[in-house]
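**Student:** Mind having a look at this structure? Questions to follow.
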């Protein structure tokens with residue numbers, strides 16, 4: 036296994052006391068060299084074994100090849116793990132220069148024409164040296180050494196040089212050796228570039244994740260802290276599917292005493308949706324601050340124009356389901372917009388009813404006519420709960436079906452008497468046990484009209 040390291044290469048190993056370890060590029064090239072040589076070795080072992088069985092050669096040939104295989108594997112693994120692989124690859128190259136002539140003396144019979152393969156295999160270290168040092172001349176030196184050894188071997192064995200055989204064998208080996216050395220050099224350079232590029236991409240990814248994490252933190256900080264409505268318990272929870280979500284809920288306490296409640300869901304999820312949500316919140320606060328006496332319907336109209344203009348500038352084809360309500364007094368609310376049906380638990384009847392707003396989503400039309408700004412009145416009696424949510428709840432899909440409205444109503448009805456915290460916890464627990472990973476943002480907002488908020492427990496943290 037090639038270690039995952041990120042050290043840079045050097046062109047002059049002697050210029051530094053420490054030569055870098057293999058990076059991923061060198062490691063992949065080294066593995067290619069070992070596969071090539073190892074496959075050739077095992078093929079030679081099979082041929083040599085057949086030769087021994089037939090009596091064409093002695094047992095020393097396959098033993099010599101096996102010995103080389105073991106030694107080559109050990110040297111490769113040492114190189115992978117060493118802080119100075121250059122030392123081991125030099126040892127492999129020198130050992131190859133010594134072993135090759137010995138291998139020539141050991142082989143015989145049908146294996147004898149292949150003895151130069153020992154040299155090329157044993158000098159694999161010189162090719163790897165070229166990868167480590169980014170110097171392709173190591174492969175050329177291998178070929179030159181091979182040719183010199185071939186001339187010397189011919190002279191020592193026969194006392195003369197067979198020039199025809201030298202030209203034939205030497206030419207073939209020179210061509211194949213130089214081609215292989217060049218291919219390995221190009222492979223090493225390419226893999227080094229791929230490795231360097233992957234390091235750059237990893238750094239860019241980490242920087243992006245850091246920025247997304249900041250955006251997520253900002254989004255979380257924008258959620259209301261300890262929201263209070265007269266006579267009610269207010270609880271909210273948002274779980275983004277991505278690092279930054281497109282869901283939004285808020286309780287806005289204006290200086291003049293007016294209180295507004297908002298919930299929305301930008302189409303899609305992720306960074307763009309999260310930014311759109313933040314723009315909607317900022318625009319809403321600006322509208323309410325600039326117009327203290329504005330009606331809910333008119334505030335929704337101005338918010339739509341502002342968001343529509345921003346989306347056009349971004350070139351984004353998005354919209355936002357949105358509900359804006361004003362809390363009046365004694366459990367009374369007035370709302371406008373277009374969102375999922377509100378779920379209202381009626382304590383007197385122990386039932387959950389739906390309430391639809393009759394407006395339009397944000398960001399679809401340039402301007403909203405009056406008939407799309409119809410204000411709906413809501414009245415909660417003592418013990419009633421108003422549950423607002425986003426589509427990540429009811430559209431959560433598993434086992435061929437969605438979580439759905441009916442299941443949501445059932446969970447609300449089962450937990451309503453225990454309060455807002457239990458309703459939120461029960462819904463999230465049921466969604467999780469329903470199955471499959473959550474793929475969309477989950478947001479819940481519950482108003483429990485049960486009495487004096489001063490006597491209520493502190494809200495759960497987000």
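In the numbering used here, the protein residues as written are 36 to 497.
Beta carbons: idealized from backbone N, C-alpha and C, even for Gly.
So, is residue 107 buried or exposed, given that buried needs 16 or more other C-beta atoms within 10 angstroms?
**Tutor:** Result: buried.
**Student:** On the DSSP bridge assignment, give the partners of residue 457 in chain order.
**Tutor:** According to DSSP, residue 457 bridges with nothing at all.
**Student:** Quick check: the Cα distance between residue 89 and residue 80, rounded to an integer number of angstroms?
**Tutor:** 14 Å
**Student:** What are the boundary residues of the beta strand (DSSP E) that residue 352 is part of?
**Tutor:** No beta strand (DSSP E) contains residue 352, which DSSP labels as neither H nor E.
**Student:** Could you check if residue 348 is buried or exposed, using at least 16 other CB atoms within 10 Å of its CB as the buried criterion?
**Tutor:** Around the beta carbon of residue 348, fewer than 16 other beta carbons sit within 10 angstroms, so the residue counts as exposed.
**Student:** Rounded to a whole number of angstroms, what is the C-alpha to C-alpha distance between residue 445 and residue 468?
**Tutor:** 15 Å
**Student:** Per DSSP, what kind of secondary structure is residue 483 in: helix, strand or coil?
**Tutor:** Here DSSP, grouped into helix, strand and coil, assigns residue 483 to strand.
**Student:** Consult DSSP for residue 465 and reduce its assignment to one of helix, strand or coil.
**Tutor:** In the three-state DSSP reduction, residue 465 falls in the helix class (H, G or I).
**Student:** Are there 16 or more other CB atoms within 10 angstroms of the CB of residue 472, so buried, or fewer, so exposed?
**Tutor:** exposed
**Student:** Restricting to Cα atoms, I'd like to know which of 267, 364 and 225 is closest to residue 292.
**Tutor:** 364
**Student:** Below 8 Å, how does it come out for the region 322 to 332 and the region 382 to 390: are there three or more Cβ pairs, yes or no?
**Tutor:** no
**Student:** Would residue 229 be called buried (16 or more neighbouring beta carbons within 10 Å of its own) or exposed?
**Tutor:** exposed
**Student:** Can you find the residues in the same chain that come closer than 8 Å, C-beta to C-beta, to residue 437, ignoring five residues on each side of it along the sequence?
**Tutor:** 429, 430 and 431
**Student:** Anyone know if the C-beta pair for residue 264 and residue 352 falls short of 8 Å?
**Tutor:** no
**Student:** Whole angstroms are fine: how far does the CA of residue 268 sit from the CA of residue 420?
**Tutor:** In a straight line, the C-alpha of residue 420 is about 9 Å away from that of residue 268.
**Student:** Might you give, ordered along the chain, the residues of its own chain that have their beta carbon closer than 6 Å to the beta carbon of residue 424, omitting 5 neighbours on each side?
**Tutor:** 479
**Student:** Starting from the Cα of residue 458, find the closest Cα among 422, 112 and 470 and give me that residue.
**Tutor:** 422
**Student:** Does residue 415 come out as helix, strand or coil in the three-state DSSP assignment?
**Tutor:** coil
**Student:** Assuming residue 340 contacts residue 257 under a Cβ cut-off of 8 Å, what Cβ separation, rounded to an integer in Å, is found between them?
**Tutor:** Going by Cβ atoms, the distance from residue 340 to residue 257 rounds to 22 Å, so no, they are not a contact pair.
**Student:** Is it buried or exposed, residue 262, if we count other Cβ atoms within 10 angstroms and call 16 or more buried?
**Tutor:** buried
**Student:** Which residue wins for smallest C-alpha separation from residue 343, given the options 366, 326, 324 and 319?
**Tutor:** 319
**Student:** Can you find the residues in the same chain that come closer than 7 Å, C-beta to C-beta, to residue 408, ignoring five residues on each side of it along the sequence?
**Tutor:** 332, 335, 336, 371 and 394
**Student:** Reducing DSSP to helix, strand and coil, say where residue 273 ends up.
**Tutor:** strand
**Student:** Classify residue 334 as helix, strand or coil using the three-state DSSP reduction.
**Tutor:** The answer is helix: DSSP assigns residue 334 an H, G or I state.
**Student:** Given this structure, state the Cα-to-Cα distance separating residue 464 from residue 274, to the nearest angstrom.
**Tutor:** C-alpha separation (whole angstroms): 13 Å.
**Student:** Counting along the chain, where does the beta strand (DSSP E) carrying residue 388 start and finish?
**Tutor:** Looking at the DSSP string, the run of the beta strand (DSSP E) that includes residue 388 is 386 to 390.
**Student:** Which first and last residues belong to the alpha helix (DSSP H) in which residue 406 is found?
**Tutor:** Careful: residue 406 lies outside any alpha helix (DSSP H) and carries neither H nor E.
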